[in-house]
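Participant:
In my numbering, the protein residues as written are 309 to 576.
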């Protein structure tokens with residue numbers, strides 16, 4: 309269905325990003341896709357921000373609710389994959405009218421150059437890990453309290469170790485599909501590589517904002533910046549997927565060694 313709205317030239321000039329995304333407010337399907345995309349941002353960006361400023365239930369209230377870990381894991385992964393994978397695919401299908409091959413090409417999810425992408429992913433994971441640990445050590449030496457900077461302990465309260473392992477190795481695919489795939493693709497042409505990387509990294513950090521603790525969000529934003537670079541360099545999303553999973557596994561391994569290293573561990 310098409311609505312006969314007139315779009316003035318000034319609107320095109322004022323909001324060029326919308327139209328580089330092939331979005332048209334005249335089409336009902338486009339409006340529906342934009343609503344779903346807005347819901348995605350509300351859940352994963354706005355809600356964490358509100359939580360940080362105290363506009364959500366406290367951890368004590370959350371802990372009083374008993375939910376099966378396996379049920380929670382399934383709901384978590386289902387929600388993430390629906391909003392981070394299904395919604396972008398729907399946008400590509402409805403708004404851009406892309407077929408499967410065009411979608412995969414747009415988000416750079418391809419086998420071409422896979423060897424190079426894996427190598428870049430390994431290097432990026434190691435670099436990101438060293439950067440995060442170094443920043444944590446420096447902040448600690450400067451007198452900042454980073455004892456509660458890790459988000460792994462909070463995850464462990466919700467999930468047993470085996471479930472955590474599933475979460476940290478499966479969820480990164482959906483996150484990379486959305487942030488370094490869909491969002492980066494949409495922002496690159498309109499804003500250029502530098503701005504696109506900065507914005508997606510900032511949003512990635514906000515999505516990991518914890519109540520009363522901004523450190524994980526900042527550090528995640530830094531890692532998000534590093535994850536975007538190999539994607540732009542290799543034009544292959546597998547670079548950031550490999551880096552993301554490896555980073556999580558390294559942080560998870562350190563967490564298993566004990567409280568001595570817990571402060572430097574971070575799950576994306």
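Beta carbons: idealized from backbone N, C-alpha and C, even for Gly. These numbers come from a predicted model, not from an experiment.
1. State yes or no: is the C-beta of residue 491 within less than 8 Å of the C-beta of residue 511?
2. Classify residue 529 as buried or exposed, calling it buried when 16 or more other Cβ atoms lie within 10 Å of its own Cβ.
3. Nearest-angstrom Cα distance between residue 344 and residue 426?
4. By Cβ distance, which residues of its chain are closer than 7 Å to residue 330, with the 5 residues on each side in sequence left out?
5. Per DSSP, which residues does residue 306 bridge with? Please list them.
6. Output the boundary residues of the alpha helix (DSSP H) element that contains residue 300.
7. Could you tell me whether the segment 498 to 511 touches the segment 470 to 477, where touching means 3 or more Cβ pairs closer than 8 Å?
8. For a quick check, are the C-beta atoms of residue 575 and residue 560 less than 8 Å apart?
9. Please work out which residues of its chain come closer than 6 Å, Cβ to Cβ, to residue 558, disregarding the five sequence neighbours upstream and downstream, and give them in chain order.
10. Might you give, ordered along the chain, the residues of its own chain that have their beta carbon closer than 6 Å to the beta carbon of residue 477, omitting 5 neighbours on each side?
11. Quick check: the Cα distance between residue 544 and residue 391, rounded to an integer number of angstroms?
Facilitator: To lay it out plainly:
1. yes
2. Taking all protein chains shown into account, residue 529 has 16 or more neighbouring C-beta atoms within 10 Å of its C-beta and is therefore buried.
3. 32 Å
4. Closer than 7 Å at the Cβ level, and outside the excluded window around residue 330, lie 403, 404.
5. What is shown of the chain runs 309 to 576, which leaves residue 306 out entirely.
6. Residue 300 lies beyond the range of the chain shown here (309 to 576); nothing can be said about it.
7. no
8. yes
9. 437
10. 553
11. 22 Å
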